[in-house]
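The next block holds one structure in the form of structure tokens; read it before the comments.
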Amino acid sequence: MGTNVSLEENFQTYVDGENKVEPKDWMPEKYRRTLIRQISQHAHSEIIGMQPEANWITRAPSLRAKLILLAKVQDEAGHGLYLYSAAETLGEPREKMISDLQSGKAKYSSIFNYPTPSWADMGTIGW
Numbered sequence: 012m013g014t015n016v017s018l019e020e021n022f023q024t025y026v027d028g029e030n031k032v033e034p035k036d037w038m039p040e041k042y043r044r045t046l047i048r049q050i051s052q053h054a055h056s057e058i059i060g061m062q063p064e065a066n067w068i069t070r071a072p073s074l075r076a077k078l079i080l081l082a083k084v085q086d087e088a089g090h091g092l093y094l095y096s097a098a099e100t101l102g103e104p105r106e107k108m109i110s111d112l113q114s115g116k117a118k119y120s121s122i123f124n125y126p127t128p129s130w131a132d133m134g135t136i137g138w
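Residue numbering for the sequence shown follows this note's numbering, starting at 12 and increasing by one per position.
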């Protein structure tokens, strides 16, 4: 009688050994879908999170604050794009992720839904 170890068991043993899993490696579909959901949700939060900050660029209390805020908005955009690229390496088309966000199927951090009527509000949500 031979041992019949499943692909899932081999994968779990590999992960439990704290080994690095690459996008092209075999992984259970549920694991891949979970990664895509988590990464795309993070990407959406980075992109949506730019909005309350960007709304304050023209109203920032000083030129220095405007420069800092511009840099932060740029960083958030870059983070979002990097994360979308990471999800794409797992097989999820960027267009689908954006479509899911626009349709409400995909989620993002709800903190960005709160209004930012003051500079302090924007800072609290953004930082």
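Note that beta-carbon positions come from the ideal geometry of N, C-alpha and C, so glycine has one too.
On a Cα-Cα basis, can you pick out the residue from the options that is closest to residue i?
i	options	result
ILE58	ARG70, ALA88, PRO39, THR69	ALA88
SER96	LYS41, ALA54, VAL26	ALA54
THR127	VAL32, VAL16, ARG70, PRO39	ARG70
GLU40	LEU81, GLU103, ILE68	GLU103
Kindly indicate which three-state DSSP category residue i falls into: helix, strand or coil?
i	result
GLU103	coil
TYR42	helix
GLY21	Just to set this straight, residue 21 is Asn in the shown sequence, not Gly. The answer is helix: DSSP assigns ASN21 an H, G or I state.
VAL16	coil
Below 7 angstroms CB to CB, which residues in the same chain sit around residue i once its five sequence neighbours on both sides are set aside?
i	result
MET61	VAL84, GLU87, ALA88
ALA117	SER51, GLN52, HIS55, MET108, ASP111
Tell me which residues share the same chain as residue i and place their Cβ nearer than 8 angstroms to its Cβ, disregarding the 5 neighbours each side in the sequence.
i	result
TRP37	LEU18, PHE22
Which whole-angstrom value is the C-beta distance of residue i and residue j, which I expect to be below 8 angstroms?
i	j	result
PRO63	GLY115	The Cβ separation is near 19 angstroms, so there is no contact.
ILE47	LEU81	The pair is not a contact, with the Cβ atoms about 31 angstroms apart (cut-off 8 angstroms).
With a threshold of 6 angstroms on Cβ separation, who are the neighbours of residue i within its own chain once the five nearest residues in sequence on each side are excluded?
i	result
HIS90	GLU57
ILE122	ILE136
ASP132	none
Restricting to runs no shorter than 4 residues, where is the alpha helix (DSSP H) found entirely within the stretch 57-133?
74-100, 105-114
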